[in-house]
Amino acid sequence: MLRLLCVLLLLMAKAGSAMSIETEIQDLRPILDPNLYVTLSGPIEDGDADRLRDVLSHYDSHDLREIFVFFDSPGGSLYEGLRIARVLGSRSEIVISQVGTDENPNAECASACVLAFIGADLRYLAANGRLGVHQFSHSGEGLDTGEGIDIAQRFAAEIVALLKRQRVSSTLFAEMSNTPPNAITWLSSDKLERWRVVTGPVYEDRMEYRNLNGKVALYMFHESLYGTNEMTLFCDDGLIAYAILDEPPVAAVGTFSFVVDGSDNRIDSYEILNRDNGRTRVFMRIPPQVKARLARATTIGARVYTPAGTTFWGFEQDIRDQKVAEIAASCPGIYRAPEQPATPARTAKTSQMTILPSTDFSGYDLTKRGHRGVSFEECQAICVSDRLCQAISYVPAKQWCWPKLGLGQRITTPDVVSAVR
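When the letters of the sequence shown are read in order and numbered with mature numbering (1 follows the signal peptide of the UniProt record, and there is no 0), they come out as residues -20 to -1, 1 to 401.
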């Protein structure tokens, strides 16, 4: 009897009854959209994915917002575990999986159950809940070695594709492969969160270096149940944060805060680029004492508080590597508050810019409406006085000045004159 211990094959559960599927709907319309609660317990066996799909289809007419799926299973059929993951992933609602509840705090999800659990958009683990992995095996009856390896490769590829699709680190696959099929590795909550097996309310977050007009910048993306937010850190005589934050309807701006390790740091030097389409776009100059804390920070983010200071919108993102510390360390400049341009002195600094007649640069506007009623020399002085400004486009006929964060597409036009630093 062939036994394939080094590969992932079909079955690992003891024979038993089919998985139990229990449902409950919570409908609080018109206050809240209805949610469906599904409890899956017991071993995963052939046909369970089809049964789950049929159960969920009974609620297709309920306009569900979220489907909560609670797991308590020792595992079972690898094939069905992958199929359950596909069933959950095919739903248009927000699908949330969880191991452990108030009623069943010690729930466990092991083996093939973990793959089914990963099929949800958002994934939670209660304090006493457990997730465990190991190699999958099959008795191998009726299979020669070549057939077994072929099946193993196909299932391994499918598991890796599931992990990638659901934004889970491939390290989980290595952990599975390193645990014998007759044992279970119960994963710590730290590993589960670091590998994005357990996500909490965060659908996706990432940090990556980007080129910003020839300078290195750190771009952050954070998507969760509470909105999609972005922030870019870059150097310009100190550390600058450019945040694009999801804004609630009819929101009023009070103060801005740069978040480090859960603590608010009020920012006094900022410029709101614009507020439209439910997004707040703002530049913030980060004080040196706050920048210094980024060397060992574990979270980073930005918030906008209402004038009353009681509510805010924004985000806070986990730091998993050294990128934030590196970008902060690369900004040795001493922080200074932005200079206020004084009319008599404006022309004194204009020699720092190169004039480009009949030229416009698209995009990268520092302000939503520009500056009206100023001369070309005053427009240059405004730019030179702002360390964020890299260029200007000026419309002489309207005395309209457009300071620029960077250089977009160069356009030839007789109606505009530009200048670059």
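C-beta atoms are modelled at their ideal positions from N, C-alpha and C, and glycine is treated no differently.
Contacts around residue i, its chain only, beta-carbon distance under 6 Å, and the 5 residues preceding and following it disregarded
i, result
"residue 307", "198, 213"
"residue 324", "Note that residue 324 scores 37 on pLDDT, short of 50, meaning its location in the model is unreliable; the coordinates nonetheless yield the value given after this. Nothing meets the Cβ criterion."
"residue 110", "88, 166"
"residue 36", "none"
"residue 275", "305"
"residue 287", "232, 234"
"residue 178", "103, 105, 172"
"residue 386", "193, 344, 370"
"residue 363", "369, 372, 383"
"residue 315", "With a pLDDT of only 39 at residue 315, under the threshold of 50, the placement of this residue in the model should not be trusted; the figure read from the coordinates follows. Correct list, in chain order: 218, 267, 268."
"residue 61", "24, 92, 95, 96"
"residue 400", "334, 371"
"residue 12", "none"
"residue 356", "374"
"residue 69", "99"
"residue 443", "There is simply no residue 443 to check, as the chain begins at -20 and stops at 401 in what is shown."
Segment limits, beta strand (DSSP E) that includes residue i
i, result
"residue 366", "Premise fails: residue 366 is in no beta strand (DSSP E) and is neither H nor E."
"residue 101", "Element bounds for residue 101: n/a, residue is neither H nor E."
"residue 116", "It is not in any beta strand (DSSP E) - residue 116 carries neither H nor E in the DSSP assignment."
"residue 340", "339 to 341"
"residue 221", "219 to 226"
"residue 208", "207 to 215"
"residue 73", "Note, residue 73: premise wrong, no beta strand (DSSP E); not H, not E."
"residue 195", "195 to 204"
"residue 46", "46 to 52"
Assigned secondary structure, residue i (DSSP; H/G/I helix, E/B strand, else coil)
i, result
"residue 11", "coil"
"residue 243", "strand"
"residue 147", "coil"
"residue 333", "coil"
"residue 106", "coil"
"residue 155", "helix"
"residue 190", "strand"
"residue 384", "strand"
"residue 379", "coil"
"residue 6", "strand"
"residue 138", "helix"
"residue 132", "helix"
"residue 395", "coil"
"residue 237", "strand"
"residue 83", "coil"
"residue 248", "coil"
"residue 355", "coil"
"residue 328", "Because the pLDDT at residue 328 is just 34, under 50, the model does not fix this residue reliably, and the point stays unresolved."
"residue 345", "strand"
"residue 43", "coil"
"residue 411", "In the structure as shown, the chain begins at -20 and stops at 401. Residue 411 is therefore absent and cannot be evaluated."
"residue 182", "strand"
"residue 177", "coil"
"residue 88", "strand"
"residue 254", "strand"
"residue 24", "strand"
Nonlocal neighbours in the same chain, by C-beta distance under 7 Å from residue i, ignoring five residues either side
i, result
"residue 32", "1, 64, 67"
"residue 294", "209, 225, 281, 282, 283, 284"
"residue 156", "113, 114, 115"
"residue 375", "395, 396"
"residue 175", "148, 149, 151, 152"
"residue 342", "388, 389, 391"
"residue 381", "350, 351, 354, 359, 362, 372, 374"
"residue -6", "Unreliable placement is indicated for residue -6, whose pLDDT of 38 sits below 50; the coordinate value is still reported in the next sentence. Answer for residue -6: no residue qualifies."
"residue 5", "14, 16, 39, 42"
"residue 439", "The question about residue 439 has no answer here: the residues shown for the chain are numbered -20 through 401."
"residue 163", "114"
"residue 159", "113, 114, 115, 165"
Span of the alpha helix (DSSP H) around residue i
i, result
"residue 170", "169 to 174"
"residue 59", "58 to 69"
"residue 97", "92 to 98"
"residue 29", "28 to 37"
Nonlocal neighbours in the same chain, by C-beta distance under 8 Å from residue i, ignoring five residues either side
i, result
"residue 181", "102, 204, 205, 206"
"residue -11", "Any answer about residue -11 is weak, because its pLDDT of 38 lies below 50 and its placement is not dependable; what the coordinates show is given next. Correct list, in chain order: 57, 58, 59, 116, 118, 131, 135."
"residue 289", "234, 235"
"residue 143", "98, 149, 150, 152, 153"
"residue 79", "50, 51, 52, 87, 88, 89, 97, 104, 105, 106, 109, 110, 111"
"residue 310", "196, 215"
"residue 278", "241, 298, 299"
Chain D within 8 Å of residue i, Cβ atoms only
i, result
"residue 259", "Checking the listed chains, one finds no chain D in this structure; it contains a single protein chain."
* Asked: If you pair each beta-carbon of the segment 214 to 223 with each one of the segment 264 to 284, do three or more pairs fall below 8 Å?
  -> By the Cβ rule, the segment 214 to 223 counts as touching the segment 264 to 284, because three or more pairs are nearer than 8 Å.
* Could I get the ranges of all uninterrupted alpha helix (DSSP H) runs contained in the segment 257 to 325, with 4 residues as the minimum, in chain order? => Here the runs fully enclosed are 268 to 272, 303 to 309.
* Assess, as a yes-or-no matter, whether the segment 332 to 343 is touched by the segment 234 to 247 under the definition of 3 or more beta carbon pairs within less than 8 Å. => Counting Cβ pairs under 8 Å, fewer than three are found: no touch.
* Per the contact definition of three or more C-beta pairs closer than 8 Å, is the segment 72 to 89 in contact with the segment 128 to 137? -> The segment 128 to 137 vs the segment 72 to 89: no contact.
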